[in-house]
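K.L.:
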Amino acid sequence: MEKLRIMSVFGTRPEAIKMCPLVKELSARDGIESLCCVTAQHRQMLDSVLKVFDVHPDWDLDIMTPRQTLSSITSKCLLGMDEAIDALKPDMILVHGDTSTTFAGALSAFYHQVAVGHVEAGLRTYDKYAPFPEELNRVLTSSIADLHFCPTAGNRENLLREGRDAGVFVTGNTVIDALKTTVREDYHFSTQALNRLPYGEKKVILVTCHRRENYGEPMKNIFLALRQIAEEHRDVELVYPVHLSPVVREAVDQFLRGAPRVHLIDPLPADEMHNLMARCYLVLTDSGGLQEEAPALGKPVLVLRRETERPEAVAAGTVKLAGVVQDDIVTMASRLIQDRQAYEKMAHAVNPYGDGNACRRIADAIEWRYGLRKEPPADYRS
Ligand code: UD1
Ligand code: UDP
């Protein structure tokens with residue numbers, strides 16, 4: 000019997016971290032030919048993840064250019080996907096999350112009348128400009144998808160409210176599957192500077208910031224806040240692996256570089272990043288993925304945004320919205336640095352986003368949909 004051809008499409012670092020475990024799970028299934036097509040919307044940061052997870056794409060659109068615009072990413076993905084679909088002839092295309100690659104990948108599948116599975120479906124802020132352009136990317140992708148793999152029950156409720164009730168599964172987030180393979184107690188960093196950080200003696204604060212809606216004034220406020228935190232607290236060390244976006248790098252150079260106790264480093268391989276997170280004191284970030292990973296590792300998170308599509312860890316008390324106003328960020332971070340009780344209240348491990356079996360559930364759901372399995376997978380419950 001011909002194998003079912005399932006093609007995973009991704010292009011940025013977070014999609015790769017969350018899709019590589021699924022590509023591997025699908026490869027382990029007898030009835031499935033697991034194909035991998037990367038758009039390379041990110042080049043270096045994507046390749047770094049592929050290396051960590053030892054995944055070798057069957058097709059590479061290689062679209063990235065410096066300072067790429069949203070239109071250029073989307074149009075290049077669409078044109079490149081035509082060739083990939085013609086060559087690899089998938090029965091179903093899997094896209095992940097909310098990037099330009101996600102939306103273009105889903106749209107291209109639709110143009111070719113290929114079924115679409117959306118991994119990390121149902122996240123919403125209901126504000127189309129925050130996060131921008133991700134909120135609309137995921138709404139549009141939901142309209143195209145045939146199968147929706149929701150990390151949480153709340154994500155499914157969002158889809159139900161939009162009238163989508165067919166093909167919806169609650170699976171947990173594949174990022175927890177990824178974390179289970181990367182985090183080790185005896186991990187030794189290959190980035191030497193990370194082995195030398197004074198984890199026990201000082202408060203190591205892990206920072207990331209890259210979102211498009213934070214470009215300009217918000218990013219300036221965030222970086223001035225980080226500078227102030229480092230200047231006012233001698234017992235902290237801030238570690239910031241700076242995104243390769245030139246817009247972000249310029250803002251870092253203008254507003255943060257040279258501050259005491261701030262370590263500006265290049266993006267880290269995923270395994271290094273996850274183990275650094277496991278050892279740090281606190282996380283300050285505008286990232287989506289870090290809001291899921293840090294709670295699982297028992298690390299408090301202050302989110303450098305006005306909203307979040309990930310309310311579960313906020314409800315669990317390990318994540319707080321700090322916003323993008325300098326004073327607010329400094330006040331909230333200072334409290335967690337100085338007030339042990341406030342810190343302990345937030346620092347407990349919670350896993351609202353998964354139990355490490357999301358990939359198995361997604362693969363089971365696909366097999367069920369194509370008649371390779373009798374029962375659909377049971378939902379993930381947190
Ligand atoms: C993209 C996603 C965002 C996601 C983020 C993860 C969109 C619209 N945005 O944003 O949802 O949170 O990735 O990091 O899809 N660059 C490099 N090398 C790399 C990666 C990026 O040089 O490996 C530079 C390039 O100059 C590129 C720029 O960064 O043009 C911006 O990359 P882009 O993918 O357009 O946007 P992100 O801000 O990274
Ligand atoms: N990450 C990484 N190296 C870094 C910074 C982040 O491997 O230097 C990982 C992080 O652990 C998480 C993912 O990248 O798994 C998040 O990606 P990003 O913040 O770029 O995008 P978002 O999640 O906001 O879409």
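For the sequence shown, numbering that gives the first Met the number 0 gives the first residue as 0, with consecutive numbering after it.
A virtual CB, placed ideally from N, CA and C, is assigned to each residue, including glycine.
What you are looking at is a predicted structure, and each value in this text was computed from that prediction instead of being measured.
Looking at Leu243 and the ligand UD1, is the gap between the Cβ and the nearest heavy atom below 7 Å?
P.N.:
Yes, the ligand UD1 has a heavy atom inside 7 Å of this Cβ.
K.L.:
For Met0, which option in Ala258, Asp29, Val54 and Gly96 has the closest C-alpha, if you only look at C-alpha atoms?
P.N.:
For the residues Ala258, Asp29, Val54 and Gly96, the minimum Cα distance to Met0 belongs to Asp29.
K.L.:
In chain order, what residues of the same chain lie with their CB nearer than 8 Å to the CB of Arg359, ignoring the 5 residues before and after it?
P.N.:
Excluding positions up to five away in sequence, the list reads Glu24 and Pro376.
K.L.:
Note down, in chain order, each residue of its chain lying with its Cβ closer than 7 Å to the Cβ of Ala341, except the 5 sequence neighbours on either side.
P.N.:
Result list for Ala341: Arg334 and Leu335, in chain order.
K.L.:
Alpha carbon to alpha carbon, how far is His209 from Pro240? Give it in angstroms, no decimals.
P.N.:
Each residue's alpha carbon lies about 11 Å from the other.
K.L.:
Following the continuous alpha helix (DSSP H) through Met0, name the residue where it begins and the one where it ends.
P.N.:
Neither: Met0 is in no alpha helix (DSSP H) and is coded neither H nor E.
K.L.:
Tell me which residue opens and which closes the alpha helix (DSSP H) that Phe109 is part of.
P.N.:
Residues Ser99 to Tyr110.
K.L.:
Could you name the residues of the same chain whose beta carbon sits closer than 6 Å to that of Val167, not counting the 5 residues immediately before and after it, in chain order?
P.N.:
Result list for Val167: His147, Arg155 and Leu158, in chain order.
K.L.:
Is Val118 near Ala105, with beta carbons less than 8 Å apart?
P.N.:
Contact flag unset, no.
K.L.:
DSSP has Cys19 in a bridge; who is on the other side?
P.N.:
Bridge partners of Cys19: none, in fact.
K.L.:
Where in the segment 278-339 do unbroken runs of the beta strand (DSSP E), each at least 3 residues long, occur, reported from the N-terminal end onward?
P.N.:
Correct list: 281-284, 300-302 and 318-320.
K.L.:
Nearest CA to the CA of Ile347: which residue from Leu281, Phe102, Val251 and Pro266?
P.N.:
The amino acid occupying residue 347 in the given sequence is His; Ile does not appear at that position. Ranking Leu281, Phe102, Val251 and Pro266 by Cα distance to His347 puts Leu281 first.
K.L.:
Over the uninterrupted beta strand (DSSP E) stretch that includes Phe168, give me the two end residues.
P.N.:
Counting along the chain, the beta strand (DSSP E) containing Phe168 begins and ends at Val167 to Val169.
K.L.:
Sorry if obvious, but does the Cβ on His273 come closer than 7 Å to a heavy atom of the ligand UDP?
P.N.:
For the ligand UDP, at least one heavy atom lies less than 7 Å from the Cβ of His273.
K.L.:
Regarding Asp389 and the ligand UD1, is the C-beta to nearest heavy atom distance less than 7 Å?
P.N.:
The requested residue 389 does not occur in the structure, where the chain is confined to residues 0 to 381.
K.L.:
Under three-state DSSP, which class holds Phe222?
P.N.:
Three-state DSSP puts Phe222 in a helix.
K.L.:
With a threshold of 7 Å (Cβ to nearest heavy atom), would His347 be considered close to the ligand UDP?
P.N.:
Answer for His347: no, Cβ out of range of the ligand UDP.
K.L.:
Kindly indicate which residue of Leu49, Glu82, Val37 and Ala83 has the alpha-carbon position closest to the one of Asp63.
P.N.:
Note on identity: in this sequence residue 63 is Met, with Asp being the wrong assignment. Nearest option by C-alpha distance: Val37.
K.L.:
State yes or no: is the C-beta of Val349 within less than 8 Å of the C-beta of Ala315?
P.N.:
Yes; because the gap between Cβ atoms is below 8 Å, this pair is in contact.
K.L.:
Would Leu283 and Leu301 be called neighbours here (beta carbons separated by less than 8 Å)?
P.N.:
It is a contact, given that the beta carbons lie within the stated cut-off.
K.L.:
Quick check on the DSSP output: the beta strand (DSSP E) that includes Glu33 runs from which residue to which?
P.N.:
It should be noted that the sequence gives Ser, not Glu, for residue 33. Its beta strand (DSSP E) spans residues Ile31 to Val37.
K.L.:
May I have the straight-line CA-CA distance separating Arg160 from Glu14, to the nearest angstrom?
P.N.:
Distance between the alpha carbons of Arg160 and Glu14 is about 26 Å.
K.L.:
Are the segment 193-211 and the segment 226-245 in contact at 8 Å, needing three or more beta carbon pairs?
P.N.:
The answer is yes - the segment 226-245 touches the segment 193-211, with three or more Cβ pairs under 8 Å.
K.L.:
Roughly how many angstroms lie between the CA atoms of Glu249 and Arg4, to the nearest whole one?
P.N.:
One C-alpha to the other measures close to 43 Å.
K.L.:
Check the C-beta distance from Val8 over to Leu93 and give it rounded, since I have them as a contact under 8 Å.
P.N.:
That pair is a contact at about 7 Å.
K.L.:
Quick check: what's the CA-CA separation for Asp270 versus Ala312?
P.N.:
Taking the straight line from one Cα to the other gives about 22 Å.
K.L.:
Counting C-beta neighbours from all protein chains within 10 Å, is the total for Pro294 16 or more, i.e. buried, or is it exposed?
P.N.:
With 16 or more other Cβ atoms within 10 Å, it is buried.
K.L.:
Let me check you understand the geometry: is the CB of Thr140 closer than 7 Å to at least one non-hydrogen atom of the ligand UD1?
P.N.:
Checking every heavy atom of the ligand UD1 against the Cβ of Thr140, none is found closer than 7 Å.
K.L.:
Hey, Lys179 and Gly355 are a contact pair by Cβ (cut 8 Å); roughly how many whole angstroms apart?
P.N.:
Contact holds; Cβ gap of about 5 Å.
K.L.:
Within 10 angstroms of its Cβ, does Gln434 collect 16 or more other Cβ (buried), or is it exposed?
P.N.:
Nothing can be reported for residue 434: it is not among the residues displayed for the chain, which extend from 0 to 381.
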